[in-house]
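Colleague: Residue numbers for the sequence shown follow this note's numbering, beginning at 1 and rising by one.
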Amino acid sequence: MVSAQNNVVDIRAAIIGNSGSGKTWLANRLAAVKQSPVIHLDEIFWQPGGFNRKRTPVEIEQRIAASKQPASWIVEGVFGELAAMYLDETEVLIWLDIDWQTCKARLEARGSESKRHMNREQSEKGLRDLIEWASHYYDRP
1 MVSAQNNVVD
11 IRAAIIGNSG
21 SGKTWLANRL
31 AAVKQSPVIH
41 LDEIFWQPGG
51 FNRKRTPVEI
61 EQRIAASKQP
71 ASWIVEGVFG
81 ELAAMYLDET
91 EVLIWLDIDW
101 QTCKARLEAR
111 GSESKRHMNR
121 EQSEKGLRDL
131 IEWASHYYDR
141 P
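Written as structure tokens, this is what we have:
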């Protein structure tokens, strides 16, 4: 669909991959070109304040439904179950299959995203937990 305002073709894209694979980076660049909102599955799944408080299933469903309303969007995340909820309406699927050592190096360079909400010790533990969880990306169903 072409938007009448700016002749930009609407897109509904899903970008999936492991933590540290570059999903957010790619989604933000694609969104700038396509003038589309980015839907971060982390923000759908987790409550504000760090990655230790999940939203309720009802909250998640409501957020997903609301995020799918625009004619154009780009969803990015690790969560297979949540990403799957967008696939029926997705026109472009991008899977970033980046080797684990590269993902790990990027996670370590980026540091903990929880540092805004937690003290240093909690933040460092959160990063270690994320690296451990992400190391099993290909082991999960």
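All residues carry an ideal CB built from backbone N, CA and C; glycine is no exception.
Predicted model only: the values in this text are computed from it and were never measured.
(1) From ALA13, GLY49, ILE11 and HIS40, pick the residue whose C-alpha is nearest to that of ASN119; which is it?
(2) Can you grab the Cα-Cα spacing for the pair VAL78 / TRP100, in whole Å?
(3) Three or more C-beta pairs closer than 8 Å, one from the region 56-70 and one from the region 29-48: is that the case here?
(4) Which of the three DSSP states is assigned to ARG12 in this structure?
(5) Suppose the cutoff is 8 Å on Cβ atoms and the five residues either side in sequence are ignored; what does the same chain contact list for ALA83 look like?
(6) Taking 8 Å as the cut-off, decide whether the C-beta atoms of LEU107 and LEU87 are in contact.
(7) With distances taken between CB atoms, is the gap from ALA27 to VAL9 smaller than 8 Å?
(8) Using only the alpha-carbon positions, how far apart do ASP139 and ASN52 sit?
(9) Would you identify the three-state DSSP class for VAL33, choosing helix, strand or coil?
(10) Where do the N-terminal and C-terminal ends of the beta strand (DSSP E) with GLU76 fall, by residue?
(11) With burial defined as no fewer than 16 other Cβ atoms inside 10 Å of the residue's Cβ, what is the status of GLY80: buried or exposed?
(12) Leaving out five residues on either side along the sequence, give the residues of the same chain with a beta carbon under 6 Å from the beta carbon of ASP97.
(13) Look at the alpha carbon of TRP133 and the alpha carbon of ALA105, and state the distance between them as a whole number of angstroms.
(14) Measuring CA to CA, which of LEU30, LYS125 and GLY20 is closest to LEU93?
Modeller: To lay it out plainly:
(1) GLY49
(2) 14 Å
(3) yes
(4) strand
(5) ALA14, ILE16, LEU41, VAL75 and GLY77
(6) In this structure, LEU107 keeps its C-beta atom at 8 Å or more from the C-beta atom of LEU87.
(7) no
(8) 22 Å
(9) helix
(10) 73-77
(11) exposed
(12) none
(13) 14 Å
(14) LEU30
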